[in-house]
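Here is the structure we will look at.
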Amino acid sequence: MALVIPEIFADAVNEKMRVNLKVGSCAFDATSEVGEIRMAGDTVHFPIINRISDAEELTDNVAITPERISMSDNTATIKEVGKSVRVLDKEQIQIKGSAMDRVVVQVAEVMAKKIDSDLITAMDTDAVYKQVASSADSVTVTELDATIGLFGDQIDSDSFAAWIINSRLVSSFMNMDAFVSTNKSYAHDGNGIIKDGIIGYLYNVPVKVTNNGTYDTTAKECKTYLIKKDALGYVFQKDISVEEEREGKLRATDIISTSLYACKLLDSKGVAILRKTIA
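Our numbering numbers the first residue of the sequence shown as 43 and each following residue consecutively.
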């Protein structure tokens, strides 16, 4: 008798995984734009339309010179990731109901953590905008303002997806007048009440907390990210699938979850990184 119904288990893991994504919730699902990747290939091609030049002042009887649309082709390698859980026969009678729900949650959490980590790596690799912080494990509003300033005049609040911070910086925000003072027009009521990893809003941009990839263990310093909407992308060649493998001699059943996906920073000027050490 099967321990799980693979299709139902896989659907549950996929649903929970998307809920657990923190950095991933700021990313654009580009799967529909590169549909053929779901059938074959080990490389994703992300088509990016480059920004056209400024408008020109026109002169009578002089034709407008057309500018060709230029597309750069960013590529990313498909990664295969997975997790397996072994259930002994003597344990199987207890792996039901709420116990199986906890297995679903934990599998989803580790899969989401892996995807978030790869998205962080993509930003670290390709982001152009970088701001120096004075401290390794704290942050000031002046430094956050400087980070926003890297985007020039393209700073409308609704153009940003989120701030991503490490938990070590929560106290900095909670003691920051610009974040908590109700006398500030840009401070939100309810800041400090944590829900879905969001501790509040700074300049109407959500501040999300995750320790996945936001602390450099070598340099021993926090990394803060300000992400524009649609700057970060991912595609799934294969959603999380689940199968069982019987290990008769071991009197056990393995539940195996796997997925194929790729991550890419689609706009190198769509992310700003704030940290003490700038490479």
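Glycine residues also receive a C-beta, built at the ideal position from the N, C-alpha and C atoms.
Because the structure is a prediction, the values reported are computed rather than measured.
What residue range is occupied by the uninterrupted beta strand (DSSP E) comprising residue i?
i, result
"Ile269", "Thr266 to Lys270"
"Ile207", "Phe202 to Ile207"
Considering only the alpha carbon of each residue, which of the options lies closest to residue i?
i, options, result
"Ser180", "Gln148, Ser214 and Ala304", "Ser214"
"Leu192", "Asp53, Val313 and Lys318", "Val313"
"Lys250", "Phe278, Leu211, Glu287 and Ile297", "Leu211"
"Met216", "Ser199, Leu244 and Asp195", "Leu244"
"Gly124", "Ile320, Ala294, Glu289 and Lys280", "Lys280"
"Met218", "Ile120, Thr182, Thr266 and Ser126", "Thr182"
"Lys318", "Arg128, Ile282 and Val174", "Val174"
"Thr189", "Ser176, Lys172 and Ala203", "Lys172"
"Val86", "Leu63, Arg110, Glu99 and Ile120", "Ile120"
"Val129", "Ser299, Leu308, Arg288 and Ile320", "Arg288"
So, under 8 Å CB-CB, residue i and residue j are touching, yes? Tell me the CB distance rounded to an integer number of Å.
i, j, result
"Lys271", "Ser201", "6 Å"
"Ala154", "Ala304", "Actually they are not in contact, since the Cβ atoms of Ala154 and Ala304 sit about 16 Å apart, beyond 8 Å."
"Ala169", "Ser310", "6 Å"
"Phe88", "Asn116", "4 Å"
"Asp158", "Asn254", "5 Å"
Per DSSP, residue i is paired with what?
i, result
"Val147", "Note: Val147 sits in no beta bridge, so no partner."
"Cys305", "Tyr276"
"Leu130", "Ala294"
"Ser196", "Reading off the sequence, residue 196 comes out as Gln, not Ser. DSSP output for Gln196 lists no bridge partner at all."
"Ile240", "Lys237 and Lys250"
"Arg317", "Val174"
"Asp71", "Tyr276"
Can you tell me where the alpha helix (DSSP H) holding residue i begins and where it ends?
i, result
"Ala188", "Val183 to Gly191"
"Ala220", "Asp219 to Val222"
"Ser214", "Val212 to Met216"
Sorry if obvious, but does the Cβ on residue i come closer than 7 Å to a heavy atom of the ligand HEM?
i, result
"Val247", "Ligands are entirely absent from the displayed structure, and the ligand HEM is therefore not among its contents."
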